[in-house]
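Read through the structure below, which is laid out as structure tokens, and then see the notes.
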């Protein structure tokens, strides 16, 4: 018998490879027979259960995790040998601990005993509570916080977006997809039926209605007052909750200069699945058919001749034809995708912080550029901030905050874009128009021009071409703002301090819109508008703060007096007498203004407030506050309101009968009561008004007066 050499060689090498593989597997299994076990204890040598244990080997990229059992024990089996191992232990209420540099050998059993120390960092964290600060462990109201570490890495344009999904009881959702648009925030639901539901913002002690110009990277902490006992100190503005923002300040030492930047892309998360062109046409056909049946009309013969006739366009689409070019194959159109884009955004920030014991500073500058997900929309922000702390003497110190900013926004459609006289309602909303147009129509004709969706078309509502709105209409809004305040503190006595704060918020806005004369806009005359406004808000606060600790008694008291006034002026001019589309500004209308308004309003607030915090042995707490607000927005019979609050708290976890309950880190029982108000009702709503109206009499416009409110 003759042996086939090539076949024999192939069989031999296959057997050798199999033996080597089995031997390697056996060796690998033996190498992974190492065990690491241990026990985790607290500083009283008591076992800790539920401790997270992570083992890592950076050289081999090995990672595994487990948790301790009720006896504090943990075990890792089949640990590969080689390299240096690190073990990280973490648990709520304890400081994280890492053991490093363990070299595990084959078939080795490693035993570890770990002692974790309690962490008081969370309880000792200082939170802002309104006209002062307090350690978190001493807070009796409902206060939630977000610090700089949770904000720093978020690619958000506005500070209100930074708390999305981070705080219980605080609902944050985008108001629109427009770049730079504010988020809608509701704190524990809606606090009023007829008045505004937005919370009050307080930035470095200055209350304001909007935080559009605040750079999120400048924020040190965001504290949210949620319940009535916490917000009652803000009286007639506290019913919707209060968001307190503290910006970063300098620290003594060498200057720390940092440059931060990020770039990213945005796109719509989910677009609803719409009917296809054929499905829309069939839906339309069935609707006409059912209407005839309901009216008792015959539905036999040519649908074009039914009493309620089916439009010819629908029949063309059902035959697979394009309605604008009968006989050509239907081309499915997705109008929403045509006006959307994957939009880039980028931010650059340079900051410097440092100082001496007597003078500390925090300086920063920012540039933000965000394109919108709707084409041809954009938001730019240029901002700077200077926070300076000066300790003039042992008794006197001053804090100065200045935040100038400039924003430049391009936004064509959407809510508020119809003031220049379009179809009204949502006539200039790009997304709305894209959804309204049936899928069997194209946005562009075959010659590249915008298809007009005006009167004369069947099987489509009269609307505007969304692509033309996005690319041809113009809309710009530029705003310059200065937010600043100075806070002087003087120690009258060791435990008694006087604070005086002066703040100002100035905002200038300049905007324009222009919609050209195009068939896509029903050949309406070109129309343009120009608007400008200035808003000046100033604030004064004078407060006395007293703090005293004797034996186990701790007292903190506050009394204060504040005034605030807001002045707003605006004007709006519009014209539809543009001779052509070449010049989009009102200089082209030869002084012929066809619409315009000029407004001004003021509101003011005067307040008296007081609060006292008392606790015994950091265990039993009592807090009471009262505020009396006088608001110009209310009538003379109800101009002043009183807003009291009270709260009791008991740190029951410090009682002896709970000392040995190891799974409790901190347990506090609270009960509170508070009254808050909402003065966001409008500025002159308590006055009866008379309107000047025009009506037609014998073909002539006649003016007259009638009761308005």
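In our numbering, the protein residues as written are 154 to 862.
Think of the CB as a built atom: it goes at the ideal place given N, C-alpha and C, for glycine as much as any other residue.
Note that this is a predicted model, so its numbers are computed, not measured.
Q: Please classify residue 594: is it buried, with 16 or more other beta-carbons within 10 angstroms of its beta-carbon, or exposed?
A: buried
Q) The alpha helix (DSSP H) spanning residue 504 covers which residue range? A) It is not in any alpha helix (DSSP H) - residue 504 instead sits in the beta strand (DSSP E) that spans 496-508.
Q. Among 270, 443 and 788, which residue has its Cα nearest to the Cα of residue 248?
A. 270
Q. Do three or more CB pairs link the stretch 383-392 to the stretch 410-426 at distances below 8 Å?
A. no
**Q.** Local Cβ density within 10 Å of residue 853, reported as buried at 16 or more and exposed below that
**A.** exposed
**Q.** Under the three-state DSSP convention, the category residue 549 falls into
**A.** strand
Q. What does DSSP give as the partner residues of residue 281 in its beta bridges?
A. 286
Q: Reducing DSSP to helix, strand and coil, say where residue 816 ends up.
A: Correct three-state label for residue 816: coil.
Q: Confirm, please, whether the CB-CB distance from residue 363 to residue 293 is below 8 Å.
A: no
Q) Is the beta carbon of residue 352 sitting closer than 8 Å to the one on residue 309? A) no
(Q) Considering only their Cβ atoms, is the gap separating residue 190 from residue 243 smaller than 8 Å? (A) No. Outside cutoff.
Q | Short Cβ contact (8 Å threshold) for residue 377 with residue 323 | A | Between residue 377 and residue 323, the C-beta gap is smaller than 8 Å, which places the two residues in contact.
Q.
Classify residue 796: buried if its beta carbon has 16 or more other beta carbons within 10 angstroms, exposed otherwise.
A. buried
Q | Separation of residue 533 from residue 628, as counted between CA atoms | A | Those two C-alpha atoms are separated by around 14 Å.
**Q.** Enclosing beta strand (DSSP E) for residue 96 [first to last residue]
**A.** Any property of residue 96 remains undetermined from this structure, which presents the chain solely from 154 to 862.
Q. How is the beta strand (DSSP E) around residue 327 delimited, first residue to last?
A. 323-327
**Q.** Reduced DSSP secondary structure (H/G/I, E/B, other) of residue 439
**A.** Three-state result, residue 439: helix.
Q. Which word fits residue 472, buried or exposed, when buried means at least 16 other C-beta atoms lie within 10 angstroms of its C-beta?
A. exposed
(Q) Does the structure place the stretch 785-802 close enough to the stretch 343-359 that three or more beta carbon pairs sit under 8 Å? (A) no
Q | Closest by C-alpha distance to residue 774, when choosing among 802, 747, 760 and 755 | A | When only C-alpha atoms are compared, the closest one is 802.
Q: Pick helix, strand or coil for residue 605, following the three-state DSSP scheme.
A: coil
Q. Apart from the five residues just before and just after residue 519, which ones in its own chain have a Cβ nearer than 6 Å to its Cβ?
A. 368, 502 and 536
(Q) Please report the distance separating the alpha-carbon of residue 347 from that of residue 834. (A) 8 Å
Q: Provide the residue span of the beta strand (DSSP E) that contains residue 748, from first to last.
A: 748-769
Q: Could you tell me how far apart the beta carbons of residue 696 and residue 648 are, in whole angstroms, since I believe they sit closer than 8 Å?
A: About 15 Å separates the two Cβ atoms, so there is no contact after all.
Q: Please confirm whether residue 208 and residue 229 have their CB atoms less than 8 Å apart.
A: yes
Q | Coil, strand or helix - residue 535 by DSSP | A | In the structure shown, residue 535 falls within a strand segment according to DSSP collapsed to helix, strand and coil.
Q) Which residue from 838, 410 and 623 puts its Cα closest to that of residue 504? A) The option with the nearest alpha carbon to residue 504 is 410.
**Q.** Top-ranked residue by Cα proximity to residue 885, from 187, 238 and 197
**A.** Because the chain in this structure spans residues 154 to 862, residue 885 falls outside the shown range and cannot be described.
Q.
By alpha-carbon positions, which one of 688, 669 and 687 ends up nearest to residue 679?
A. 669
(Q) Can you tell me where the beta strand (DSSP E) holding residue 392 begins and where it ends? (A) Counting along the chain, residue 392 falls outside any beta strand (DSSP E), and DSSP gives it neither H nor E.
Q. Since residue 684 contacts residue 728 with CB under 8 Å, what's their CB separation in whole angstroms?
A. With a Cβ gap of about 13 Å, residue 684 and residue 728 do not count as contacting.
(Q) Please state the DSSP three-state secondary structure of residue 426. (A) Coil, per DSSP.
Q: Indicate the three-state DSSP secondary structure (helix, strand or coil) for residue 331 in the structure shown.
A: coil
Q. Just checking, does the stretch 756-769 make contact with the stretch 700-716 on the three C-beta pairs under 8 Å criterion?
A. Cβ pair count under 8 Å is three or more, so yes.
Q. Near residue 251, what residues of its chain come up, given a Cβ to Cβ distance below 8 Å and the 5 sequence neighbours on each side ignored?
A. 239, 240, 241 and 242
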